[in-house]
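Mapping of the sequence shown onto full-length UniProt numbering: residues 1 to 962, in sequence order.
For each residue, glycine too, the CB sits at the ideal point set by N, CA and C.
In what follows, a structure is listed as structure tokens, so that the remarks can point back to it.
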Amino acid sequence: MILTLYYMAATWFQAWRLSSIRAKVSEILSHGAGLVLYQEPDVSTAAQQGGSTRVWSQFLRGISSNLCENEREARVADLLWYHDSKRVCSILPQQFIDLSPWIAFPKEATHFPIESKQTSPAVLTEARLHLLVEAEYRNVLDSGKVHHCELEQFGICHAWLAGDTFGLILETDVDHLVNLCGCFMVNRLAFHQNLEMTRIQTVILRGEPCKIYQYPSSVRGSEDRDDVSGLSFMDQLQYVTSAAQDAASNGSCQVPINGQKRGLVVAGSSDTLSNLQDVEDETDDFPEEACLMQTDACVMRHMNRLEEPNRVTSSRARSSDSFCSQDSLSTSLSCLPVSPKPSPARSSFSAAFSTLSLSSISSTVTKPPNVLVYSDSTVAQDNVINVLKNTLHRHKYAVYSMSRPSLLSNPWMQGTRLLVICGSVPDSLAPMFLSYMLNGGRILCLCSDFLHLVLPTFRTAEVRQHELVRFSYSRWKNVPMMHHVFCYQASPVHTRFPIGDPKSSSHNSVGSAKPPATPASVDVLDSDSRLHTLQVQVLGTEETWHTPSLLLATTGSGPGAGKIVFSQVHLEEDPSQYENEEGKYSTLRQSDGARREIIRDLLVAHLDMECGDSAKDRGSNLSYTQGYFLGRHELKQEFLTSLKSQMNGNSLKNGDLELQFCGKSEKPALASERLLPILLHSCPPTFSTVEYFDNLQTKWLGRLVIYGEVMSSSMHVVGYEKLWHGLAVIPRQQLNGRGRSSNVWISPEGCAMSTVQLIVPLSSPLGQRASLIQHVVATAVVSALTKQSGFEKALDVHLKWPNDIYLIVDNELYKIGGLVLSCTNRGNLLICNIGLGVNLDNRDPTTCINEQIMLYNARTGSKLPTLSLEKWLALFFTELERLLELMQNHSDSEVMDLYYKFWLHSDAEIVVRDISGNEKQVVVQGVDEFGFLQVREKSGKIFTVQPDGNTFDMCVGLIAPK
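If you want it as structure tokens, here you go:
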């Protein structure tokens, strides 16, 4: 049965809207990562269906295909989605395929190697990319379960290769990629009766495939097929592949099949082509294809210059053939201007201008601490995060939900202040959690079997599900709460609690039984078989079954003691979950205030956390507010006119956020997470436009501003579409600020936050090296600060690679800022959205610029003025535009000299850890021409480290794969 594209994708679209998927895929690709969809192996099924366990075992060797050159370097950046045995991951670095051993796919309609109607391929956009579509050989396929997939609906077949698996290179675009992904995730797909699809992966291509000018009739689907009737379909593919590769390498013109010259002509090197005889020259049928949207000409030149096999880059680049003319773009007022003069030859930047080394700084680094939440249930995880965000001081901690893969792949322990566990803990995570606690960590464990793992003397007796019990803790007495399905105690009175009515005599007999004694201490072994003694204390007792409902286990003493609080009642559950059970809902709703107070007391009294003293500290009184459009009237009108074709009335749908531009006579809607009403002709009461524009000395950057008191994230406002070069979004507070690699950005009032959109021609110096933009922005931050009179002495400000801002105070490092960069291709333009946050006037969670200025004034008797939000942003935009113009005018050395003036890493000795856990001592050399970190081994060999593929903490001397 042949399914159409739309029918195959219908189920996917119901679960995840097309626009959301497209935005996520575009974000992954724009950050230099790859996308992989694959099917987990089922060896038994493969064997039953005639498959080879040897072939299936490839999936056990790594996330990337073994057809890729750098397969062994691939590592998972994020597990994005899964369904049954299907997985979707982003991986780093980008995977490369050398097409030299591959065979060019026929351009005409063909039955070999697969049936294809290449005469009517999918219509693709200019922004193209390449996919590796991989399939396993199957002798028999269940036609009722496996759907035939016509690949020409999704792109243009470019090359194929038959080895242990069948690989096919498909040229496509993001829209068709998303559609193909949707089909793959919900269906078993095959593009031949013997080829079932098992992998889809974005790749970057090198070289050119072998070109077969005339296929043998026996493999073209004609009547002459009997000539190879003795060969299986798999053998036919592999025979033709081998013959083509041999011909290309040996310079042969024809390859005999079954002892006959069937006219299989292969184009190999230029020498081979010149030796072709008795064959019509069909070179024009194979034009040089521009590798749009994947192979950056500048990156490829850079990589060809290198001889080190371990050199890794992550920039997705584009062929110079796809770049627009510099002359045509430099005259446009809607993008970053470009100087027409040619760029000089460049080499890697040196660190000669660096003035500071980490070796001279204390190892103490102050950053916002993390609170990590792990649960085997997404509902429970959401409940826990909601409780924490409404209890903890919102300006002190960054709260993250964690999955098992992320916990296994990230060195998360050092920056974590609290770990919250809910539900079952897999064996792979239990030793890590225990090690974290034994080394001074704090854990809140809610209704989890981890209690039994840490305190093995505690055994379980079953309790019926959704049991409402009463317990007491400290000053809170007889509080009704839902109990965990299991009840842990030191020595159960019964192996199974009664199931009958709680008022029955059997229940009362258990309820009146003497509770088992809880041991005062328990001995546990860590992963190195070292013995640790945990002191155990009962904090609260459940009065229905006389079992400990709240326990505290402590190892060591003093501020560095490890602590874990176990709760056997669901402190995380909101009463609204039981609205359909009137009796429980009414009871739990009455005790909800006590539940929240108990959580708060446990966090403060036993886990040393800081909670908000007011609704403002907890963020519970914040609501979204309307925005204001600031700038010259003529410029605002030009902006709205340029977007008229994309707007529905006065509204612009931009990703998941709708922007509603309201004139004087229009009543704005209520602001929400999904809707931002923007007043066109009003001035905000909390932002001085006079001070801002008086200090702004730019042509484009920041000349148009969308300002709001409270919004979800300034990055959400610009979305992924081309809006306006230099458009700035300025929030006073953000409810969902984000940093690099999906990190949380804490956004308290007083933090200077903004997002600015840059539109960069791909053919320009910055367009060809977009990875440098983050360094230019970070340099603009510190340069704008230190250019103010007296500030260079007051603020010892520095840059940590790749994009963090630090202050050195009393020989200790304090993080005060960072940025996130999101890039999207639109034809021959690069749309860059730069999100920036700098601690300007907020002392939490670390320190801030104004605090350090006031302390400097107090120490020295100076009278340096503090910075307002308006003046600071105007100074920053002015400096950023200056540095961007230098980059576009080929004065990049001047910008990088300034960058090195402030960076922290001169001759820093760090450790690089690969995906196998092997470590190397290296010395930081500087950054290369694309901004990637260069390090030197003891042997003298120099290689690069990319930012997006690693967990990077230079301050503690470790670079490790995510």
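Taking only three categories from DSSP, how would you classify residue i?
i: PHE112; result: coil
i: TYR578; result: helix
i: ARG470; result: strand
i: GLN757; result: strand
i: LEU696; result: coil
i: HIS633; result: helix
i: CYS611; result: strand
i: GLN788; result: coil
i: SER939; result: coil
i: CYS181; result: helix
i: ALA561; result: coil
i: ARG417; result: strand
i: TYR374; result: strand
i: TYR624; result: coil
i: TYR572; result: According to the sequence provided, residue 572 is Glu. The question's Tyr does not apply to it. Here GLU572 sits in coil by DSSP.
i: PRO765; result: helix
i: SER448; result: coil
i: PRO731; result: strand
i: VAL425; result: coil
i: MET711; result: strand
i: ASP173; result: strand
i: GLU542; result: strand
i: GLY818; result: strand
i: SER409; result: helix
i: GLU881; result: helix
i: GLN934; result: strand
i: LEU824; result: Here residue 824 turns out to be Thr, not Leu, going by the sequence shown. Correct three-state label for THR824: strand.
i: SER26; result: helix
Could you spell out where the beta strand (DSSP E) holding residue i opens and where it closes?
i: TRP476; result: 476-482
i: GLU658; result: 657-662
i: THR34; result: Just to set this straight, residue 34 is Gly in the shown sequence, not Thr. 34-39 is the span of the beta strand (DSSP E), which, as asked, contains GLY34.
i: GLN921; result: 919-927
i: ALA380; result: It is not in any beta strand (DSSP E) - ALA380 instead sits in the alpha helix (DSSP H) that spans 378-389.
i: ALA135; result: 128-137
i: VAL912; result: 909-913
i: GLU69; result: Unbroken run through GLU69: none, as it is neither H nor E.
i: PRO548; result: 547-555
i: GLN94; result: Segment: none, GLN94 is in no beta strand (DSSP E) and carries neither H nor E.
i: ARG600; result: Looking at the DSSP string, ARG600 is not in any beta strand (DSSP E); the run it does join, the alpha helix (DSSP H), is 592-601.
i: PRO677; result: 675-679
i: THR165; result: First-last for THR165: undefined, no H or E at that position.
Could you give the C-beta distance for residue i and residue j, rounded to a whole number, given that I count them as a contact under 8 Å?
i: ILE942; j: LEU829; result: About 34 Å separates the two Cβ atoms, so there is no contact after all.
i: LEU131; j: ILE200; result: 6 Å
i: LEU657; j: LEU680; result: Contact flag wrong, Cβ pair sits at about 18 Å.
i: ARG417; j: PRO369; result: 4 Å
i: ASP173; j: ARG22; result: Actually they are not in contact, since the Cβ atoms of ASP173 and ARG22 sit about 10 Å apart, beyond 8 Å.
Go through its chain and collect everything with a Cβ distance to residue i's Cβ below 7 Å, but skip five positions before and after it.
i: LYS503; result: Here the model assigns LYS503 a pLDDT of 39, short of 50, so the residue's position is not dependable and the matter cannot be decided.
i: ARG674; result: ASP656, LEU657, GLU658
i: ILE599; result: VAL387, THR391, LEU571
i: GLU27; result: SER822
i: SER527; result: PRO431, SER435
i: CYS68; result: GLN95, PHE96, ILE97, VAL203
i: SER783; result: GLU879, LEU898
i: ARG843; result: GLU851
Tell me which same chain residues have a C-beta within less than 8 Å of the C-beta of residue i, skipping the five on either side of it?
i: LYS863; result: ASN857
i: GLN888; result: LEU336, PRO337, VAL338, SER339, SER764, PRO765, LEU766
i: SER712; result: TYR624, LEU657, GLU673, GLN734, LEU735, ASN736
Near residue i, what residues of its chain come up, given a Cβ to Cβ distance below 6 Å and the 5 sequence neighbours on each side ignored?
i: THR554; result: GLN535, ALA561, LYS563
i: ILE853; result: ALA794, LEU864, THR866
i: GLN568; result: HIS484, SER549
In the DSSP assignment, find the alpha helix (DSSP H) that holds residue i and state where it starts and stops.
i: MET402; result: It is not in any alpha helix (DSSP H) - MET402 instead sits in the beta strand (DSSP E) that spans 398-402.
i: VAL717; result: 714-718
i: GLU894; result: 892-902
i: MET432; result: 430-438
*Which residue spans inside the region 831-871 form an unbroken alpha helix (DSSP H) run of at least 4?*
With a minimum length of 4 residues, the continuous alpha helix (DSSP H) runs that stay inside the region 831-871 are 849-860.
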